Amino acid sequence: MDIKLNTHFLDVKETYLFSDIAKRVKKFQAENPGREIIRMGIGDVTLPLPQSVTSAMEEAVKEMSAKDTFHGYPPEYGYDFLRNAISDHYKDLGVTVSPETVYVSDGAKSDLGNLPDVLGDNPVIIPDPVYPVYVDSNLMNGRKVSFVAGNKENDFLPLPPADTNIGPSVIYICSPNNPTGAVYSYEGLTAWVNFALKTGSLIIFDAAYEAFITEDKPHTIYEIPGADTCAVEVSSFSKFAGFTGVRCGWTIVPDSLESDGIKLSKFWARRQATKFNGVSYVTQRGAAASLSGQGLADCKANIAYYKRNAAALAEVFTEKGIYFTGGINSPYIWLECPNNMGSWEFFDSLLNRFGIVGTPGEGFGSNGAGFFRLTAFGSYENTLKACEFFKTL
Ligand code: PLP
């Protein structure tokens, strides 16, 4: 074969993080047969879907089995019932998002990975540490990425660069953040929106963990004045409704986003219509059920369950005087490895002493060195067991 490949893929760093973790856990199990493992490394939900949601999906399956109520290809941008439900969700958050600006998808990861399709060769600004998809999907498209450093000094909430020569850029913000669990305040997010407006930039705001916010922090970037002229928002049913295995998310592309007289929504609509054939009717019925009535109450109860785990972990690390972020408005705890340990050293020590598996911080960017991510998605019982171990650190 002599065709040219997209060699930008060579710029994407190979990641051995999760395979390295799996290897070390396998070795530990082989050497310690029968020892319990407490898994606090994976960012996947563990509670089953609420029955109120699965009932709506069962009803939808029944509709699919009858000639008069069968549904074929879904509308490319989502059924109106779901776009309206998402728009109402924003109304509950105190902002106006019209249903036509809601693009339903099979999850936030796809949208985050696909957005570079409709953007030209702009400089890209990404926080470090952060969800690796932003960096990798830009590198695959040959974009130049620069980083803003999250660290102890800024509590892993970096503010815009002071450099006044920065031109129009694509800026990624994740709040609540994966992996740090840190959440921007109104002031912090306002600083980013003002920076984007001043520099003619676009913010891609990832709100996948919005439902975990209980303090007075922005749930959506559209709470910040001016954001509708500089930001798209990507969100998901994965962590809110336990849809990691069902697949549904959405992106808001406001009509007021325009560059050089061209609406971004025009390109996004065209991209989706060309390359994506929509989300199944059954899935969208389940997603809509999660946003109202009993479904909403049940999803909130599941989130409260995970948040109780996070709070238990946060309490122990507070008592121990170990620096951490997250744990309050997020299912993640991001802690500084004690005794100046490196992340992998701490990983091995937790595994060997207690059978606890977490995620070394380097997996999320070089600023993650010396830090460690624990997730609250496990059972309450296991979280409490882990807390007892952490007390002895
Ligand atoms: N955004 C962040 C910050 C995430 O952590 C994840 C998944 O862990 C996603 C997006 C992906 O969400 P989805 O399951 O909707 O693709």
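Each residue of the sequence shown is one higher than the last, beginning at 4 in this note's numbering.
In this text, a Cβ means the ideal position worked out from N, Cα and C, and glycines have one as well.
Bear in mind that the values here come from a model prediction, so they are computed numbers and not experimental data.
Segment contact flag, the segment 141-161 with the segment 89-98, C-beta cutoff 8 Å, min 3 pairs: no
Answer yes or no: do Leu115 and Asp209 have a C-beta to C-beta separation smaller than 8 Å? yes
Given Phe357, which residues of its chain have a CB within under 6 Å of its CB, disregarding the five upstream and five downstream residues? Phe392
Smallest Cα separation from Leu377: which of Glu322, Ser369, Lys310, Gly75? Lys310
Going by other Cβ atoms of all chains shown within 10 Å of its Cβ, with 16 needed for buried, is Phe73 buried or exposed? exposed
Looking at the unbroken alpha helix (DSSP H) that takes in Val28, where does it start and where does it end? 20-34
From Pro228, Asp47, Ala315, residue whose alpha carbon lies closest to that of Gly191: Pro228
Which ranges would you report for the beta strand (DSSP E) in the segment 109-186 if only whole runs of at least 3 residues count? 127-131, 148-152, 173-177
Per-residue DSSP class, three states only, for Asp209: strand
Exposed unless 16 or more other CB atoms sit within 10 angstroms - verdict on Thr362: buried
Is the distance from the Cβ of Arg288 to the Cβ of Ala88 below 8 Å? no
Per DSSP, which residues does Tyr106 bridge with? Please list them. Thr254
Taking only the alpha-carbon atoms, compute the straight-line gap between Gly44 and Asp301 and give it to the nearest angstrom. 25 Å
Please classify Lys70: does DSSP put it in a helix, a strand, or coil? coil
If I measure Cβ to Cβ from Val136 and keep anything under 8 Å in the same chain, skipping five residues before and after, which residues do I get? Lys112, Leu115, Gly116
Below 8 Å on the Cβ atoms is my guess for Thr217 versus Trp337; work out the distance and round it to an integer in Å. Thr217 to Trp337, Cβ: 18 Å. No contact.
Confirm the yes/no value for this check: CB of Leu85, any heavy atom of the ligand PLP, distance under 7 Å. no
Is the distance from the Cβ of Ile3 to the Cβ of Ala199 below 8 Å? Summary: the structure shown does not reach residue 3, with the chain confined to residues 4 through 396, and so no result is reported for it.
Comparing C-alpha positions only, which one of Val285, Trp347, Ala314 sits nearest to Tyr335? Ala314
Cβ of Pro185 within 7 Å of any heavy atom in the ligand PLP? Position check: residue 185 holds Ala in this sequence, whereas Pro was assumed. Not so, every heavy atom of the ligand PLP lies at least 7 Å from the Cβ.
Which residues mark the beginning and the end of the beta strand (DSSP E) in which Ser333 is found? Counting along the chain, Ser333 falls outside any beta strand (DSSP E), and DSSP gives it neither H nor E.
Which complete beta strand (DSSP E) runs does the segment 239-289 hold, if anything under 3 residues is left out? 252-255
In angstroms with no decimal places, state the Cα-to-Cα distance between Pro179 and Val56. 25 Å
Starting from Thr202 and walking both ways along the alpha helix (DSSP H), at which residues does that stretch end? 189-202
For the alpha helix (DSSP H) containing Arg356, list its first residue and its last residue. 346-357
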